[in-house]
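*Asks:*
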Amino acid sequence: MKLQEKKELLKKTVYEMFPDAETELYHNNEFQLLIAILMSAQATDKQVNIINRNFFEFLKTPEDGLNLGVEEITEFISSVSFFNNKAKNIFKTCEILVAKHNSLPPKTIDELTELAGVGIKTAKVFLSVTEGAPYLWVDTHVHRVLNRIWIVKAKTPLGTDKIASKIFNAQDLAKLHDTLVLFGRYHCIARKPKCKTCPMLPWCSYKEKNLD
Ligand code: SF4
């Protein structure tokens, strides 16, 4: 099967499997979404959501963050990885949002990455979710799926990111990001992929398919 056909089949598969795909990070507004993405570095969405269902009752705006202060933010998020740094970054980001952005998250990569703890990944995911911006951020799930199928051959998520962003059409990237993450998280799982029921099975190049 040619690469173009493989890409189209994968798109059809993930779009059909996850027609209503959207971020699974708990949030009630764009500010909370930004904070949730920031917290999700080296943590699972599940861990972050457990914390934020309570934390976000007290952090609805950047002003709330300033009122809480670093110490209280640290207490709220102490069960997530790197909580000390993340708490400082959340507080600092609240300060910058209030001082420079009218308490609202900005909508450009340059402005977003000036916030504390917001790297290019966080900025791209945020803009992809809020604006449908054409970014396919390759996390561990997307990296695994694209390499198993052999749409991409790259050793690292960064390598996959560079190739994938070129071979897929820009208008597909935001939706692909949302659906591929869920495909990797729930279907093409790291340890036991559900190959037996996978529409990609005849065209997938993964050598250790799980056919149980
Ligand atoms: S056949 Fe298996 S390894 Fe290949 S994409 Fe489907 S679930 Fe993943």
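Residues 1 to 212 (our numbering) are what the sequence shown spells out, left to right.
Note that the Cβ used here is the ideal one computed from N, Cα and C, for glycine as well.
All values derive from a computational prediction rather than experimental measurement.
From Glu5 to Val181, what distance separates their C-alpha atoms?
*Replies:* The sequence position of residue 5 within the sequence shown is 5, counting from 1. The sequence position of residue 181 within the sequence shown is 181, counting from 1. Approximately 21 Å between the Cα atoms of the pair.
*Asks:* Taking only three categories from DSSP, how would you classify Ile77?
*Replies:* Numbered from 1 along the sequence shown, position 77 holds the residue referred to as residue 77. Ile77: coil per DSSP, three-state reduction.
*Asks:* Under 8 Å, with one C-beta from each stretch per pair, do the segment 137 to 155 and the segment 104 to 113 reach the 3-pair mark?
*Replies:* Segments in contact, no.
*Asks:* Which residues in the same chain have their Cβ closer than 6 Å to the Cβ of Cys188, if we skip the five residues on either side of it in sequence?
*Replies:* Taking the first residue of the sequence shown as position 1, residue 188 is located at position 188. Hits under 6 Å: Val145.
*Asks:* For Ile37 versus Thr113, is the C-beta distance shorter than 8 Å?
*Replies:* Mapped onto the sequence shown, residue 37 falls at position 37. Mapped onto the sequence shown, residue 113 falls at position 113. In this structure, Thr113 does not lie closer than 8 Å to Ile37 by Cβ.
*Asks:* Apart from the five residues just before and just after Phe76, which ones in its own chain have a Cβ nearer than 6 Å to its Cβ?
*Replies:* For the purposes of this step, residue 76 is taken as residue 76 along the sequence shown, with counting starting at 1. Hits under 6 Å: Phe55.
*Asks:* Compute the Euclidean distance between the alpha carbons of Met200 and Asp161, then round it to the nearest angstrom.
*Replies:* In the sequence shown, counting from the first residue as 1, residue 200 sits at position 200. In the sequence shown, counting from the first residue as 1, residue 161 sits at position 161. Each residue's alpha carbon lies about 21 Å from the other.
*Asks:* Quick one: give me the first and last residue of the alpha helix (DSSP H) that Val181 is part of.
*Replies:* Translated into the one-based positions of the sequence shown, residue 181 becomes position 181. Element bounds for Val181: Leu173 to Tyr186.
*Asks:* For the alpha helix (DSSP H) containing Phe56, name the first residue and the last one.
*Replies:* The count along the sequence shown starts at 1 and reaches residue 56 at position 56. Unbroken alpha helix (DSSP H) run through Phe56: Asp45 to Phe58.
*Asks:* Check whether the segment 128 to 147 and the segment 164 to 180 touch, using three or more Cβ-Cβ pairs below 8 Å as the test.
*Replies:* Segments in contact, yes.
*Asks:* List in chain order: all unbroken alpha helix (DSSP H) runs of 4+ residues lying wholly within the segment 81 to 127.
*Replies:* Correct list: 83 to 100 and 109 to 112.
*Asks:* Here's the rule: buried if 16 or more other CB atoms are within 10 angstroms of the residue's CB, otherwise exposed. What is Ser40?
*Replies:* Stepping through the sequence shown from its first residue, residue 40 is reached at position 40. So Ser40 ends up on the buried side.
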